[in-house]
Every structure is written in C-alpha cells, then in structure tokens.
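Each protein sequence line maps, in turn, to chains G and A.
With this note's numbering, letter number 73 in the first sequence gets 73, and the count goes up by one each step, no holes.
With this note's numbering, letter number 49 in the second sequence gets 49, and the count goes up by one each step, no holes.
Cβ coordinates follow ideal geometry from the N, Cα and C atoms, glycine included.
Just below is one structure, and these are the notes that go with it.
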Amino acid sequence: MPSTSFERRRRRAGLLFVAPAAIVLLAILAYPIVESFILSTQSVRLVAGGVTKEWNSFGNYIRLAGDETFRRAVVNTVFFSFGEVALVVSISLAVALLLNHPLGRWGFFRIMLVIPWAIAPVANAVLWKWILNSNYGILNGLLKSLGLIEYYQVWLARPWSAFGFLLFIDVWKSVPFIALLLLAGLQRVPSSLYKAAYMDGAGRWQAFRHVTLPTMRGALAIAVVLQTIWSLRVFEIIFVLTRGGPADATVLMNFLAYRVTFNFLDIGYGAAIANIIFALTFLLAITYVWLMQPRKRRVSS
Amino acid sequence: MSFASARGRGRGFRLLVVVGLILFVVWSAAPILWLIVSSLMQQQALIVQPPDFSPSNFTLENFTEVILSAASLGRGILNSFIVALFSTAVALVIGAPAAYALARLAVPRANALAFLVLATQMLPGIAIAIPLFLVISRLGLIDNVLALGMVYLSFNLPIVIWILRGFFLAIPEGIEKAAAVDGAGVVGTFLHIVLPISIPPLGAAAVFAFVEAWNEFFFALILTRQDAQTVPLVIAQFAGQYQTLFGQMMAAATISIAPVIALAIIFRNQIVRGFADGMMKG
C-alpha cells in the first residue's frame with residue numbers, strides 16, 4: 001500500500017532529521033549530567049596543572065548535612081524563591097490584565113514590556129549598583145529630598161536590605177516574560193464567557209473571580225512552576241552587587257555551588273550542591289510537563 | 001439595567017486602569033531612563049545631589065571615552081556577535097529539521113522527546129558547568145569563542161525546537177500530502193514547501209536565541225579568560241574596576257544592551273506569539 005511506504009519513508013527521514021540535534025544535546029547536556037553525579041561521589045583536587053580524583057562515596061552529601069553555610073543557603077533560597085515567585089506572578093497578572101484591557105492595547109505598552117525582558121541581567125545589575133550607590137546613588141538622593149530618610153543609607157551593607165533589594169531587582173527583571181505568558185493566556189479566554197457573565201448580572205470582580213481566574217488556572221500554574229525554576233538560577237545580580245555578602249545573607253544555593261567550585265576549588269563538593277539544585281529543578285520540570293498534559297488530552301479528545 | 005449599572009461603574013474603573021498603566025510605564029521605564037540619562041551626563045553633574053540636569057552638562061563624552069579607552073569593550077562586542085550568531089545559526093540549521101520531525105514525521109515517542117527537549121532548556125547551568133569546565137580545560141579550549149558557542153548551542157537548540165515545533169504542528173497536513181502526490185520527497189517538501197512558509201516563526205526563534213546568547217553571563221564567566229570574553233563579562237568587570245566613573249559605566253551598559261533592545265522592539269509581536277504562546281502549548 002502506498003500509504004505505508006509513505007509512512008515508512010517519513011519515519012526514516014524523521015530519524016535522520018532528529019539525529020544531529022539529538023547528538024548535540026546528548027554530548028553537551030547528558031554527558032555532563034552523568035559526569036556531575038560521578039564527580040559528586042569523589043573528592044577532587046586541582047594540583048599543579050592536573051586533577052586528582054578519589055572515591056568518596058556519599059561523603060560530600062553527608063558533609064552538606066552538617067554544613068552551616070549550606071543550611072544558610074537553603075534557607076535563603078527558600079525565602080528568595082517564595083518571595084520572588086509570589087511577587088512576580090501577582091505583579092505579572094496585574095500587568096497582563098492591564099495590557100489586555102482595551103486601553104492597554106497600544107503598541108507602546110508592548111515595547112515597555114519587551115525592553116526590560118531584553119536587557120542583559122548583568123547590565124541590569126550594574127545599573128542598580130549605580131542607583132543604590134551610597135554616596136551618589138539616585139535612590140538616596142530621592143528618598144532624602146522626599147524626607148523619607150535622614151541620612152544616606154548603605155543599602156547593600158545590611159543583610160535584610162541587601163536581600164530585599166536583590167529580590168526587588170530580580171522581580172523587576174522577571175515580570176515582563178511572565179506577564180507576556182499570562183497575556184497570551186488571557187487572550188485565549190473566550191469573550192463569550194464574559195458576555196454570558198455580564199448578561200447574568202455579574203460585576204467586574206465577579207467576572208474576574210468566576211471567569212478569568214478559573215480559565216487562567218493552567219496558565220498561572222505554569223507561570224508559577226517556570227518562575228520557580230528560574231528563581232533557582234539567579235546569579236548575575238548576586239555576583240555584581242553583593243558576592244553573597246554581607247555575612248552570607250545573599251548566598252543562594254546556585255551561588256554557593258559556584259563559589260565552592262570555582263573560588264574554593266572544592267570541585268566534588270560543589271558538584272554535590274549542583275546536583276541538589278538539579279534534582280529540585282528536575283522535579284519542577286516534571287510538574288511542568290504534568291501541568292501541560294491534561295490540556296492536551298482535552299484538545300485531542 | 002445591569003448593563004447601565006456596569007457602565008456607571010465603568011468610569012471609575014477606567015480611571016483605575018489608566019492609573020495602573022501609568023504605574024506600569026513608570027515601573028518599566030524609570031530605571032532604563034536613568035541608565036540612558038546618566039550615560040549622557042558629565043561626572044561632576046552626577047555626583048551632586050540632586051543631579052544637575054542643566055543642558056550644558058549633557059555630553060557624549062562618556063561614550064567616546066569608553067569606546068576609545070576600553071579596548072576590551074570592542075573585543076567583547078565582537079565576541080558576543082560571533083558567539084550569538086554562531087549558536088543561533090547552528091541551532092536553526094539543526095533545530096528546524098528536528099522540530100519538523102517531532103511535529104510531523106512519525107518519530108516514535110515524539111511527544112515524550114519534545115518534552116525532554118523542553119526540560120533540557122530548564123536545566124540549571126551549574127548542573128552541567130562543572131563537568132563542562134573540566135572537559136573544556138582538558139581539551140585546552142578555555143577562552144575559545146567557538147567552545148563557548150557550542151555550549152550556548154545546547155540551550156538555544158531546545159528553544160528553537162520548541163518554538164518551531166508549535167508552528168509546524170499547526171500547518172495543515174494537506175500541503176505535505178499534495179507535495180507527496182506530486183512526487184516530492186520528505187526532504188524536498190521540507191526545504192521547498194515547509195521552510196518558506198515558516199519565515200516568521202524562524203525569525204522569532206532566531207531573535208530569542210540571539211538575545212539569550214548575547215546576554216548569557218554564567219558560562220562566559222567560567223569558560224573565558226580574556227580573548228574570548230563577551231560583553232556581559234566586560235560590563236561586570238568594568239563595573240568592578242571603574243566603579244567611580246558612573247557615566248562611563250552606564251555608557252558601556254547602554255552600548256551593550258542596544259543591539260538586543262533594538263531586536264526586541266522590532267520583533268516584539270513575534271516574541272509574544274512565538275515564545276510566550278509556545279510555552280503553554282502541549
């Protein structure tokens with residue numbers, strides 16, 4: 001039958017089409033993941049131009065359990081991720097609702113959304129370093145002229161204010177993309193649902209509560225999971241603004257893994273921390289895939 | 001009746017929306033505006049409080065100074081262009097056929113593979129950075145532009161595949177069937193029929209990949225030393241070394257973000273449709 005040879009030909013071509021991408025992804029991603037697990041069971045030393053590895057079983061992981069700095073980094077990461085995700089998703093939802101309103105459809109607003117998205121995280125960090133500068137920064141000047149502070153503050157020298165500003169800066173950078181995501185979701189809510197709700201005498205709040213939120217549940221869940229994954233990767237702002245200080249107040253797990261590996265050259269131990277982050281991300285990625293499944297089944301059935 | 005009352009409440013609501021939109025613009029624009037304004041101001045006008053905004057204090061000096069004095073910036077921009085173009089181009093060339101195969105060519109377990117591809121995009125950099133660093137230094141390729149480009153390929157490829165797969169899934173199947181009846185092979189159909197109608201999503205994928213590679217910092221920090229340094233590294237270093245020359249710091253940052261901001265503005269609609277939408281489609 002011609003259709004089976006057609007199908008067979010397509011399948012053979014398909015494998016050919018996928019092969020180069022599969023090889024690249026396997027080489028650059030799969031190999032390092034496996035190697036990273038092996039490294040984490042070793043104690044690795046850099047000595048005079050070479051690397052020595054010694055089997056250490058689960059020594060690195062056991063060490064993690066008793067490591068005060070690691071515990072600190074975990075607590076910081078939990079606070080940071082929860083705060084970041086809550087703020088990003090709620091601000092993004094507000095922005096998406098605004099831009100979905102007829103008054104917000106002007107192209108200029110879209111531009112205002114994609115510019116912060118496109119800015120390099122490093123440029124963003126450097127900009128805020130200048131804004132927060134204790135002697136000449138615009139924030140101190142502004143707050144003092146408004147009478148909100150009496151003396152210029154060294155914002156990044158105190159643990160809570162440093163942590164809070166990093167959180168704020170990261171939220172600022174992360175909002176645009178999630179807002180775009182939610183905007184795409186909002187535009188799929190059938191307008192007939194709103195019409196029906198208004199016909200039934202629903203007010204705006206009720207329409208939001210009973211039409212928008214239920215239909216957006218999937219999009220919001222996806223936004224939460226994606227943003228949680230991305231919150232575990234925050235690096236540039238810490239590197240440029242605080243280097244983890246003051247007193248490790250801004251050390252997140254990702255930064256700790258970097259510092260342990262590339263500053264302290266404790267490679268096996270760093271790999272163990274990296275693997276914990278990997279495991280967390282992996283669980284979140286599975287959640288993401290799972291969230292996308294029911295939607296697909298609904299479409300196909 | 002209910003319509004009338006809704007309209008009556010409408011005026012207050014419109015005001016709320018307008019205030020919200022103004023707040024949104026201020027929130028998005030204020031930091032960037034300050035970045036650009038301070039890059040155009042002389043040092044002595046910046047270090048007084050409040051800053052002296054008189055027109056005579058505006059100058060292009062910071063830009064000329066940075067371009068002339070910091071040779072690393074020019075090299076960084078060149079490296080960033082090479083790395084971003086390389087990883088974007090290769091990702092398109094090998095990602096487009098893969099996306100097509102996963103969408104259309106009856107590859108076994110195509111959906112599972114597609115999700116696996118998306119999951120790799122979510123991988124935290126640190127999870128692969130350590131082994132990659134060891135391998136690349138063993139090969140003597142630390143501080144090599146193309147080695148960095150290969151690493152960027154690994155996260156640009158999933159982006160490209162995911163965006164394009166969503167688009168290919170939506171192409172009506174009749175087009176390919178008709179081509180097959182006319183005797184076109186799979187490769188011919190893909191090259192001469194599918195690709196030409198896929199220019200907009202290819203553009204969206206390219207812009208997205210280019211911006212990601214241009215802005216990437218973490219791997220550039222680990223895998224380069226001097227010759228292969230990209231713009232983000234130069235900016236971070238600059239901010240560490242010359243942290244009192246605020247205007248120049250901002251001028252360097254402005255130069256570094258200009259190309260990607262231009263791309264983002266030009267292709268804003270494709271970004272919205274191509275990627276944001278694709279992240280939510282199964």
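Integer-rounded CB distance, given that residue j should sit under 8 Å from residue i
{"i": "Gln43(A)", "j": "Leu245(A)", "result": "7 Å"}
{"i": "Pro158(A)", "j": "Leu127(G)", "result": "So it is not a contact: roughly 29 Å between Cβ atoms."}
{"i": "Asn215(A)", "j": "Pro121(G)", "result": "6 Å"}
{"i": "Leu291(G)", "j": "Gly203(G)", "result": "With a Cβ gap of about 30 Å, Leu291(G) and Gly203(G) do not count as contacting."}
{"i": "Ala123(G)", "j": "Ser256(A)", "result": "6 Å"}
{"i": "Leu153(A)", "j": "Val24(G)", "result": "6 Å"}
{"i": "Phe262(G)", "j": "Ile222(A)", "result": "6 Å"}
{"i": "Pro246(G)", "j": "Pro159(G)", "result": "6 Å"}
{"i": "Thr250(G)", "j": "Asn76(G)", "result": "7 Å"}
{"i": "Ser72(A)", "j": "Gly247(A)", "result": "Actually they do not touch by this definition, with Cβ atoms about 18 Å apart."}
{"i": "Arg63(G)", "j": "Tyr269(G)", "result": "7 Å"}
Inter-residue spacing [alpha-carbon to alpha-carbon] between residue i and residue j
{"i": "Val145(A)", "j": "Lys195(G)", "result": "56 Å"}
{"i": "Ile61(A)", "j": "Gly74(A)", "result": "Here residue 61(A) is Glu; the residue named in the question, Ile, does not match the sequence. So the two alpha carbons sit approximately 17 Å from each other."}
{"i": "Thr215(G)", "j": "Val224(G)", "result": "16 Å"}
{"i": "Leu118(A)", "j": "Ile94(A)", "result": "16 Å"}
{"i": "Pro190(G)", "j": "Ala221(G)", "result": "19 Å"}
{"i": "Val107(A)", "j": "Ala114(A)", "result": "11 Å"}
{"i": "Gly149(A)", "j": "Ser87(A)", "result": "5 Å"}
{"i": "Glu7(G)", "j": "Ala99(A)", "result": "18 Å"}
{"i": "Leu35(A)", "j": "Pro201(A)", "result": "32 Å"}
{"i": "Ile77(A)", "j": "Leu68(A)", "result": "14 Å"}
{"i": "Gly203(A)", "j": "Val66(A)", "result": "32 Å"}
{"i": "Ser145(G)", "j": "Leu15(A)", "result": "29 Å"}
{"i": "Leu46(G)", "j": "Val95(G)", "result": "50 Å"}
{"i": "Ile47(A)", "j": "Ala91(A)", "result": "46 Å"}
{"i": "Val25(A)", "j": "Trp172(G)", "result": "12 Å"}
{"i": "Tyr258(G)", "j": "Asp182(A)", "result": "57 Å"}
{"i": "Leu181(G)", "j": "Val272(A)", "result": "8 Å"}
{"i": "Gln241(A)", "j": "Val260(A)", "result": "25 Å"}
{"i": "Phe267(A)", "j": "Val289(G)", "result": "28 Å"}
{"i": "Pro2(G)", "j": "Ala101(A)", "result": "Per-residue confidence for Pro2(G) stands at a pLDDT of 49, beneath the threshold of 50, marking its modelled position as unreliable; no derived number is given."}
{"i": "Gln49(A)", "j": "Ala29(A)", "result": "22 Å"}
{"i": "Leu113(G)", "j": "Tyr61(G)", "result": "42 Å"}
{"i": "Ala125(G)", "j": "Leu186(G)", "result": "31 Å"}
{"i": "Leu263(A)", "j": "Pro176(G)", "result": "16 Å"}
{"i": "Thr59(A)", "j": "Ile286(G)", "result": "53 Å"}
{"i": "Leu39(G)", "j": "Gly59(G)", "result": "12 Å"}
{"i": "Ala213(A)", "j": "Asn156(A)", "result": "8 Å"}
{"i": "Arg243(G)", "j": "Ile136(A)", "result": "26 Å"}
{"i": "Phe13(A)", "j": "Trp205(G)", "result": "11 Å"}
Neighbour-count burial assignment, residue i, 16 or more Cβ in a 10 Å radius
{"i": "Trp106(G)", "result": "exposed"}
{"i": "Met249(A)", "result": "buried"}
{"i": "Trp155(G)", "result": "buried"}
{"i": "Gln121(A)", "result": "buried"}
{"i": "Leu283(G)", "result": "exposed"}
{"i": "Val34(G)", "result": "exposed"}
{"i": "Gln42(G)", "result": "buried"}
{"i": "Phe190(A)", "result": "buried"}
{"i": "Asn135(G)", "result": "exposed"}
{"i": "Pro172(A)", "result": "exposed"}
{"i": "Leu103(G)", "result": "exposed"}
{"i": "Arg209(G)", "result": "exposed"}
{"i": "Thr64(A)", "result": "exposed"}
{"i": "Leu33(A)", "result": "exposed"}
{"i": "Ile199(A)", "result": "exposed"}
{"i": "Ile235(A)", "result": "buried"}
{"i": "Ser54(A)", "result": "exposed"}
{"i": "Ser5(G)", "result": "exposed"}
{"i": "Gly137(G)", "result": "buried"}
Exercise for review: Could you pull out every unbroken alpha helix (DSSP H) segment of at least 4 residues lying fully inside the segment 66–132 of chain A, listed in chain order?
Suggested key: 71–104 and 110–121
Review point. Should the segment 226–240 of chain G be called in touch with the segment 50–63 of chain G, which here means at least 3 C-beta pairs below 8 Å?
Key: no
Check your understanding: Does the segment 163–172 of chain G come close enough to the segment 80–93 of chain G that 3 or more CB-CB pairs lie under 8 Å?
Key -> yes
Point to revise | Stretch-stretch touch, CB-based, cutoff 8 Å, three pairs: the segment 217–236 of chain A with the segment 75–88 of chain A | key: yes
Check your understanding: Can you find at least 3 beta carbon pairs, one from the segment 261–281 of chain G and one from the segment 121–136 of chain A, that sit closer than 8 Å?
Key -> yes
Practice item. Say whether the segment 178–196 of chain A touches the segment 3–15 of chain G, bearing in mind that this needs 3 or more beta-carbon pairs closer than 8 Å, one atom from each stretch. Key: yes
**Study point:** Cβ contact check for the segment 206–214 of chain A and the segment 157–172 of chain A: 3 or more pairs under 8 Å
**Key:** yes
Review point. If you pair each beta-carbon of the segment 97–112 of chain G with each one of the segment 18–25 of chain A, do three or more pairs fall below 8 Å?
Key: yes
Check your understanding: In the segment 167–204 of chain G, which residue ranges form an unbroken alpha helix (DSSP H) of at least 4 residues, counting only runs that do not cross its ends?
Key -> 191–199
Exercise for review: Ignoring anything shorter than 4 residues or poking outside the segment 197–248 of chain G, list the alpha helix (DSSP H) runs there in chain order.
Suggested key: 204–207 and 213–231
Review point. If you scan the segment 201–254 of chain A from start to end, which runs of the alpha helix (DSSP H) of 4 or more residues do you find wholly inside it?
Key: 218–223 and 231–241
Point to revise | Segments assigned alpha helix (DSSP H), at least 4 residues, entirely inside the segment 42–71 of chain G | key: 59–65
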